[in-house]
Every structure is written in C-alpha cells, then in structure tokens.
Amino acid sequence: MSKLSSILVSASIIAILSACGGGDSKTSASNYQAIIDNPIEYSQTELLAAFEEKVDSEYKGKKQDVNLDIVKAHDIYHLLWGQYSSEIPQVPYTELTNNARAPLQANLAQVITSDIKLNKSLTRSAQTRTSSKVSGTLNCGWSGFIRYTANLDNQGVGTIIYELDQCQTNTSNNINSGRGAISVSLNKFDNFNYVIYFDNLASSIKNYRTGENIHRFSTTGYFQINYVTDEAYPFYPMVDFKQNLLTTINNRQILSQLSSYFESPKGNIYISDIGHVEIKSSLENRSLYNPRSGSITLIGDKSVQFQFEPYWDFAKYLEDTNHDDELDSGVYIDDFRFPLDSQDINDYQLQPIEDLNIPPKVYSPDIPYGKTYYTSTPIQLKSAGNVHDRDTLNEDITISFNWYINGELVKDIHGDTLPAYKAVFGDEIKATLVAFDGLNTVEGPPQYINLLNSPATLTVSNLPTNPNSEEQISFTVDITDPDFLTFDDTPNLNFVMTAAPTGAVMNHQGSVEWTASPEFIFPEQSFNFNFSMLNPAGEISQETHTTSVFIKDDQAMPIARSGIEAPNQNDSIWIGDFTGDGKNEILSTDNNNRVFLISEQTGSYTQSWMYPFKMPTSGSIVQVIGKNIDQNAPLEIIVATETGISLIDDKTKMAKVLLELNDNQAIRKIDIVDLENNGELTLLLLTSNSILKAYRMKDLNTQIFSTNLASASDIAIANVDDDNQLEIITNNGHIYDGKTFSNQWISSTKLGSSMVTTADLDNDGISEIIGADTWGNLSVFSANTKTQLYAFDQFNACNIEATNIDQDAEIEVVLSDCQWGNITAYDWNKAEQTLEEKWLLSVREYDSKSLTFGDSDNDGLQEIHWSALQARIRTNRLIVADLANETATLKTKGSGIQLDKYSTAGWAEVESGNESAVFFIPESNIGFDGSRLAFITPDGNLSISDEISSNWDKSQYAAVTDFNKDGIGDIFLPSTHLDMGAFSAMQLSDMSEIWKINGDSDSNIGIIMAREMNGDEFIDAIYADNKTLNILDIENQLTLVNHTFNYAILDFDIADNGSTPWIIVSENNKTRLMQQNQALLSELSFVDQQCSRVAFFNQDSDSTPEVLCIDSGSQTSSNQIIVYKIENSTLVKYVTYSIGKTIVDLAIDNSTNTNQNFFLLTTDALYYNYDRSSSSRLTKYNAQGLQIWSGPELIGFPSSRSLKHRYSAEKGHQFMLATNQAMYLINQ
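Printed below as a string of structure tokens:
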C-alpha cells in the first residue's frame, strides 16, 4: 500500500488529528498564526487561508524551474516517493471523529474501507443543527496517545483540535508529536470531507534494533480529503485530495502543492536547494510509491517522464533534450518498480527513442545442486536461465560475472569460475551476473557463496610400526591447511605440538622424538600426539590434529577378578593344568566378556585368574577350550566369540587373534583335533547358519573344507566306522571322513535335534553316536551299521556327555535335564543294547549347562561340574559334585561366592606391612546376601569377607584409611540393616566395629570420603546421607558438621583452603561451592549445572584450584567435561571439553601439584542402555582436555566413583577401578 493512500485507508493506518471549525469568520486572515493557534473558533475557509499563508511564508528555498536531467529527475522522484521520503504524518482521524461524534449522535458513524471507498454515507438531519464541545484521549495503537477537543454539531460537522504525544499507529513506522486540527464537513451526498492541518508536527522513525531515531522531519500545512460523487453513482464516491505541505528534513525544505484524484496527482513541487518542478501523472489505480502502469511527468526547464508498464521491474525514462516539447531520448532504469533506495545512474546514457530496447532482467547465478566449496576448490556457478530479455535474442546477449571478495571487485576475473585459493575460509564471497544487450548493461543481485572450513591434512613420515617401550621413537609431522597460509617470513613451523606423552619433543623441522617408558602401564597402549595450526597472529587454532602410536610392552597385565561366575551355554567349562604347576584348574566363561580360571583351595573354589580385557574379536563369548597346541606343560586357552577365535598362550600376555570371520556369520561351536593322527591339529568350526568349516591350525588363513549342513547345531569327532579314521558327526545326521572330508552317511532321521556326542560304549574300538532332542528322545546309533540301536523319551535335555567316570572299564553316558530336573548317569548294557540308570543327582536349579568331568580339586578323583541357571534372576552359578563309590555327591562349598556389584575402597594395610587393594561389594550371591569386602593382594590373591550387613538400600561406596594412624587399615562404609540406614567405621584386620551411626528408613548412605577436617591430625569421615552431608570425628566419636541441601547429593569433593576447607557439592541441577568453618557450612557460590562427578584440580600454575565437572545435564549420556575457575570465591565457567564418549568417572593426576592432568573412565555405552557386553577404557588427558593415551578395552560398564589413582617415583601411576563385571588393579 502506498504511503499517501495509507492516510485514507482506515483508522489503523491513519495517524492525523484534525481540528474542526465552524461558523462565521471572526478575525482577519492576515493574522494566520493566531488563527492556527485557536482553530476551533474559525471556519474551514479561514483555516485553509491561514495555513496557506504560513506555508508560503516559511518556505525559504528556490522557486525557479529546475534544470532537469536523468540524475536530478531520479533524485527528485526518490526524494518524494523513495525509501527515505517523508510521508504525511498518520493520525487515526476517523477514530477521532467517531469518538468526538459519539456523545452527540451515537448512531452517526463513518467507516472507510481499505479500498478507500465509503460503505456508509450520512443522511442529512432535518433537525436544527446545534454545536457542542467534547474533550477526550485516544490511544494511537502501537504507542502514544492523542488528546483532543472537538466542536461538532449533531451531524458531526465542525472542528477538532488534536495534540499527538509520541503517537505511532499500528501500520506506520513514524512516531509523531505536536499539534494540529481537523475540519469536518458534509457534501451534498452526505459524504464527510476532511481537512487535516499540521502545525510544525515533528516526526521520527526509530531503529528498533538500536533504539536510535534514524529519520527526523517536520510537517506544516494541510491535507484535504474530498469525496467526489458521480450523480449517477452516488453510493460509490471517488477520493480526491489536495495538499499544501511544507516538509523540513535535514535543513532541506520540500513544498508539495498537489491535487487531483489520488491515483494521478498533479501540481507543483518546490525543493529548497533545487527549485521548482511541475508534476503531471497518469497512473492507473496505483500510487507513486509502487507504480505498475502509466506515467509521471516532471516539468522544469524541460519535460522528463517516467513510464511504467505491468510486470516491469524497471522504468522507462524519457527526456525532451532539445526543449521542443517533444520527448526524444531515453533509457530504461532497472529495478525501479520498488525504489527501496536511490540508485547510482551516472552510467546510464540516453539514446534516441527509436533505438531504445528493454534492458535484460538479470537474476542471481545458481550454485549447482549439492555443491560445496573449500579454499582449495574452484567455485563454478551457473547462469543458464537466469537472464531474460523481451526484445533481444539470448544469443545476442553478452553475459559475464562479477566476483566480489569482502566487498572488493575481483577485477581480472569475469568468467563463471573463481579459481581456487583466491578466497579463503572466512571471506565474504558473492557473485553477480552482468548482462549486456548491445545498449543496456544490467548487473543482477548477488549470489553469496559460503566457503566451508577446509580440512587440514596431517602428514606423518617414518612412523615406526609395532614399536616397543624403551625404544626411541622418531617421526616427522607436517600439517597443511588451505585456510592457513604458510608464513614465508619465518623459518619456524606454522603449527605446534599442543599435547603429547611425557618427554616427547618436537623441533622446528617437525621431527618428534619420544621414549615410551615413563607412561606405560598396560601391555598394549595407544599414545596420542596432538598438533594445532597457528594463525598469522601466532594464535593456536581450536582444531586439533592427532596421530597415534600403538606400542606393545612386557608390562605386567592388570589384575582382574570377579566372583564365581558360570556359563549359560554348553562347552564352556574345561578342566586342566593351565598354569604348568601340575595342578588342575577350572577354565570357564560367563559367555559374555569374562574368561577366567577357578582354583580349589581348602575345600572352597575361588577365582585365581581372569583375562582383564575384552576379546580382540567382537561379540559374546561362545565357547572356551583348553588345548596344548605348543607341546609345553600348561594348556593354552582358546576362546571363540561370535565373530572370531583368539588364543591366550600366556596368561601374562595379550590374546592373539587366530581367525576372524568376515562373512556376517556367527560361530556356534568349535573343536580342535588331530583328525589324521599325524600330530597336526585341525580347527573345525560350525556357524549359526549351519556352515561347517575346517582349517589347519598351522595355516588358519586357508580354509580346507566347507559345507552347508542346512540345520546342524552340534558336532562331534570320533571313529564311528571300521576304517581307523576319525569322522566328523553332526547332530542332524551328516558324517564326513576326517581326512578326505567326503560324506560317508546321511541319516534319514536326525541323530539329535540339538546335541550329539560319541563313545565306544561296547569297547569294540568303534564309537557309537549318542544324540539328544531338546524335547523328546535320547538315541544311540551305529554309523557302522547305519542303524538306531536304542532310544528312550528323556523329557527335556540340556546337555549330554559320555566319559568313564568310575573305576570300571565302561564309558558312562551322562544326561542333564532342564527345568528343575536331574543329572543322570547311564551304563550301556551290551547284551540288551540299552542304557541303564546308574545314579542321578538334582541339577539344583532351573537347568544345567556345560557338563564337564575332571579332577578340579586335585584329589585324584573326578568331579562333575555344571552351570545351573537360577530361573528367578536368570543368572548361572557353578555347581561341583564329587564322584566316588559309584555315585555323585554335591560339594559343601562347591559353588563359591558370587559377587554382584563392585566398588573400590582404596589401598590399605590389612595387616601391618601387608597391603591389599580393598573393594566394597554392595551385593552378593545374586542379591540373596548383602555387602562384603574383597581383598586383592599385589600378586592377585583374592579373598572375600563374610557378609557385613544386608545393605538394604544398596549403598555402594566405602573408603579405606588409617584414621588413628596405628599402622592397621580401617574402613568407613555403610552398614545398613534391613531398612534402617547406618554408617560404620571398622578395622580391616578383624572386621571389628569401631563406631556406628544409626539412621532411619529414609537414610541412603552415598559418597564416603576419609580426610582430616578439624586440625587434630586424625582422619575424619565425610559422607552423604541422601540430602545431608555429615562430617564425623571418628577418633572422638563426634559429629562435626551436619548440613542438609535441597536435593539428594550426587557427588562432592574437598580442597584445602587453610583452616576453612572448600567443599564442592553437586545436587539436582545445582553445583555449590561451600566453605567449612568449624561446625558450619556456608555457601560461597553456585551454578545451575548438574555434575555426575566433581573434583578439585589445579589446571594452571597458581595455587587456587579449579573444579572439574562431568556434565550430566543429559539423562542418557555424559560426554562433556566442564572446568570452573574460582574467582573471588565464585564459580566461573571457564571451558568445556567434549570427549565424545560417555564419561563415568575421573581421577586427578596427583604426580604434580600444578598443571594437573586427569584420567577418565569412559565407555561407548549409554547410562540407560548398557548390557553385559559393555566395556570401559582408562584414558589420560592433559590439563587442556587433549587425550594423551588410552588403554585397551576393559570388561564391563564402569562403576561410579570407582577410579582410584596414586603415584610414586618407584611404581609410577597405579590405579584401581571397578566395573559392573570386574575388579581391577593396574600397574601393581
């Protein structure tokens, strides 16, 4: 909508107050200001005369005709109707007159619609007219208000005086203040006519982003609105206007004296510094602010004209160059239809009218779809279809490009391609199309091009492969980044090494040297070297480039232990000598991550070794085998996961990958046998999709046999015919020769639906085949005669094995049931060709897996071992029974102790001079028992205490100390009984209780720390109980501090601060910095941040600590570290480090007191979605959050607050930690 027409449209668009006058003349018109100051006393004729005289008197500018040319004509047009023209002040005059008339005649109203036509006319009253004064206030819409006084008769005719106070209507940017008046009259068709007067009304336009008034002007004069009605159509009046307005802006005066219909104004314009032009227009229902068709003529010393046509985005400018009153020359001005701002038209050249052509319409060039650009890539744009011309053929148009970098035209490039390296990341790049049709040159709008951050290239030369520790490591690095130009004026590198392992140095040529030994704590460890670019100012880029060196070492393996675990699949228990000491151990697995040995000592079974890392092949563990494949004394451990097979040849070495499947097949079962009795072992492998494969152990890269068995789930190896050659038997009835792999028999029925084994039941040198269905029969077959010898219904089988378990010469068949059944031993009755029950034993639980026979207690007699599934909690436990005197008897301590959860308490001398790592076990024996302590000595011996308490609330933290400094370790721990929370201090040597604080059913013992807090040199206890932080003097059995927070305490830490220690406490969505002063805790500062872990550390070289926070704002994952500085006792967020993995725990590197590094315990799993296959990694970061090294994958999801660290010059860095599946000692 045009700015002039907006005055007439509606009350929400107009912002003019009018003063209405009536009656006879009362004074001379020569005293114009007296009339203007008191308009309500004068007639419309007198007011018009007064304002005309004032306007004429106050205009001080030029009045001679302007010497017109294209530049001046263009400037005049934009001055009057362009972006910064001074619109007629808008006042809601219809609302104002309606308000003023309402008390006089409630039903008299006039509504003007948005198409500027009246939809209601007034009916002249037959009554005698009377006048009455009315005063009031009216809101302007957007802001400000209007005070008015009206003197109107009962027809609404008269005068209104108004005063605007910061008045802005809803549809105008103008803010108006000042006085004026409105005259209201009726024509013969009962249409209201208005004259709106302005007496030096002040207007401004505000920039609402900055609040600054950016455009100020004042207006004096009048604006007259008349409704001209055709006699034939009295109800459809047209609007005409007449204006005599003097506008002053920036000391420039503009006098506009225009009249005629609104769409085609005519009249005179005087501009104080230019002079006079006459305006003639012929516009077709459009305003000068948005002309669509018609023409506007300016007449000064000569005539010029702007012509418009529908759908033109330009104007046709014509000029009478020879002053003969005929337009003879011209030019097209592009983008004239919406004159947002005046254009630079100095380069436009007039042409004879007969030579004019329409200029091309030019759009932005296009970026090819999906194309991205970097500093190092040329930028090529498309122009096809982006230039249109109505009267010139496309082939006659010359198209070029203008390229601009940071606002500067690239002068030597005008093609569609900007070469690489002309601009760099961060530059503003734009391109325009320039079209020339032989006469007109038109430049289109710009296309902006965004350069992406170019990836830097890190080049590493001479990096050693498989280096060992103690080896001098040297390599050379170089970083090139197109966005960082090399500094030619300096001999130094344009990058620096920002973080590296201790002792690593880089010279000015990019050569890095390092010896690994100071940092090595694992047998395999990945070390990071971090580099960053320097910008021209020497500032370090935030982008880090990393190269890693993977190093192997003879470093001792971490000690890992758990409780007694048991498998949930068959073929996962093995009895043999795995240590080379002549004694047997039990090899087993949990069929998830853990592989371990269990030893019998004094009647009890205890875990004596556990492989500390996840297997190098992915997936859960399917099977373990003990096999001597190198002819030395101890058996090797073969571990099959779902995707591969690994060898643990030495329990002090890392597992080696023997075979890894890469065909999306999962391993179901393996066996390693000497098929040809020639000393060469063969690996047999059955996959989950029933593919049988064979490999020679000496060359596992070559597959020697493969066949699809369709539905096989088990295999066995034995000589089942009379050729003295071993055969491979599958449960679904396929038999293959073990040497040639030729098929020798396919049984018409399955030998067993789920499992198969073999045994020479009749001692004739040829084994029989025993198969079992999960539901159904146990059957005995002869492959030699290809017949079934015997079968009986056995209900529900879990496992079947055949071996000689007594003193006779015959082999027994042992079948274990599922669903609370029995383990039953059978002898073969050769004469009757039947199996006869010999003895049976309850499986003790829901089902039984991995039946295994062997002398695990080294008493010279065999035991039977199996894993029993506890149905209610779906967890397996190991059962052992003695075999003697033709029967089986359960061992009294055959199951060992199962540990459900693990937490670290610290290192302590349980007895003077004998240090152990102490772990707190919140639950044991699958939740049936409460808390215990586990002690691991530096050589790996594990012992487990009796139950301490029921630990009903599942508290999981404890802390060891020697609080009274008697040389014997103590422990602070929860001792909840039933639902009554409690805290205890106990002596480790005999587990005697020193002091106990009883709570209630609301108690929930949380984090526990041991630290001296009151200056008496004895160690005190600090612990969280739900929302309360308690500080106890254990020596004197006193409560020092008891402070309650708003929510349950998530974590806390303590730092020295003289006699008033600092305590950082994290609770729900808040982390608070507290200070202890004797018995009180006072809050110094808080931040709106929830931290799953907090710790004080010294990131820099001053004496004031910083705070490390693991951001736990997300309920699912915490992968950010936030560092807070303490400035004037206030927490100030300093920096955030994104780690990229879920961070569960941290420990500060206390080998130094300043510029401290830190260690993180991370996992790839999420808090809410971890399972028994989850893993953990111990990693080191420098004070600036850059990773230095990372260890191998540890087993299980990290336990919260379990990472403990200590440092000594002799041992270096030592750690203890816990996961949900294991306890760890590292570098003991």
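Numbering (mature numbering (1 follows the signal peptide of the UniProt record, and there is no 0)), first residue to last: -21 to -1, 1 to 1207. Note that CB positions come from ideal geometry on N, CA and C, so glycine has one too.
Secondary structure of residue i, DSSP reduced to three states
i, result
"ILE55", "helix"
"LYS245", "strand"
"PHE557", "coil"
"GLU305", "coil"
"GLY1191", "strand"
"ASN373", "helix"
"ASP132", "strand"
"ASN1206", "coil"
"ILE923", "strand"
"TRP60", "helix"
"VAL50", "helix"
"ILE67", "coil"
"SER1082", "coil"
"ASP785", "coil"
"SER1045", "strand"
"ASP334", "helix"
"ALA860", "strand"
"GLU20", "helix"
"VAL496", "Looking at the sequence itself, residue 496 is Ser, so the reference to Val does not match. Helix."
The alpha helix (DSSP H) enclosing residue i, as first and last residue numbers
i, result
"TYR383", "Looking at the DSSP string, TYR383 is not in any alpha helix (DSSP H); the run it does join, the beta strand (DSSP E), is 377 to 384."
"VAL34", "23 to 37"
"ARG80", "72 to 80"
"TYR11", "11 to 16"
From the options, residue whose alpha carbon lies closest to that of residue i
i, options, result
"THR477", "GLY517, LEU262, PHE510", "PHE510"
"PRO952", "ILE900, ASP918, VAL484", "In the sequence on display, residue 952 carries Leu and not Pro. Per the Cα distances, ILE900."
"ASN514", "ALA495, GLU503, VAL475, SER490", "VAL475"
"HIS524", "MET512, SER667, ARG990", "MET512"
"ASN920", "ALA129, GLY542, THR371, CYS797", "GLY542"
"GLU74", "ILE915, SER583, THR148", "THR148"
"SER968", "GLU894, TYR936, ASP918", "GLU894"
"ASP995", "SER980, LEU1017, ASN1005, MET988", "LEU1017"
"ALA781", "GLU522, TYR805, GLN767", "TYR805"
"ALA770", "ASN778, GLN935, VAL759, GLN222", "VAL759"
"LEU663", "ASP650, PHE1138, SER235", "ASP650"
CA-to-CA distance, residue j to residue i, given in whole angstroms
i, j, result
"GLU706", "LYS672", "14 Å"
"ALA(-11)", "ASN77", "Low local confidence applies: a pLDDT of 28 at ALA(-11) is under 50, so the model's placement there is unreliable, with the coordinate-based value given in what follows. If you take the alpha carbons of ALA(-11) and ASN77, they lie about 10 Å apart."
"PHE196", "VAL174", "21 Å"
"PRO344", "GLN286", "29 Å"
"HIS255", "GLY246", "11 Å"
"ILE1101", "ARG540", "33 Å"
"LYS562", "GLN586", "15 Å"
"THR581", "VAL859", "15 Å"
"PHE124", "TYR141", "10 Å"
"ALA762", "SER727", "12 Å"
Where the beta strand (DSSP E) containing residue i begins and where it ends
i, result
"VAL1123", "1121 to 1127"
"ALA612", "Note, ALA612: premise wrong, no beta strand (DSSP E); not H, not E."
"THR255", "The sequence given here has His at residue 255, not Thr. Looking at the DSSP string, the run of the beta strand (DSSP E) that includes HIS255 is 254 to 262."
"ALA402", "That residue, ALA402, is in no beta strand (DSSP E); it is neither H nor E in DSSP."
"VAL421", "420 to 422"
"ASP1012", "1007 to 1012"
"ASP326", "Taken as a continuous stretch (DSSP letters only), ASP326 belongs to no beta strand (DSSP E), as it is neither H nor E."
The ligand HEM heavy atom lying under 7 Å from the CB of residue i
i, result
"GLN359", "As far as ligands go, the structure on display features none, and thus does not contain the ligand HEM."
Cβ of residue i within 8 Å of any chain C Cβ
i, result
"PHE899", "The structure shown contains no chain C, having only a single protein chain."
Length-filtered (3 minimum) beta strand (DSSP E) runs lying within the stretch 966 to 1001:
Within the stretch 966 to 1001, the beta strand (DSSP E) runs of at least 3 residues that lie entirely inside it are, in chain order, 971 to 977, 984 to 990.
Fully enclosed by the stretch 118 to 190, which beta strand (DSSP E) runs are 3 residues long or longer?
Counting whole runs of 3 or more residues, the stretch 118 to 190 contains the beta strand (DSSP E) stretches 122 to 132, 137 to 147, 153 to 165, 171 to 186.
What are the uninterrupted segments assigned as alpha helix (DSSP H) that are 4 or more residues long and contained completely in the stretch 741 to 777, given in chain order?
The qualifying runs do not exist here; there are none.
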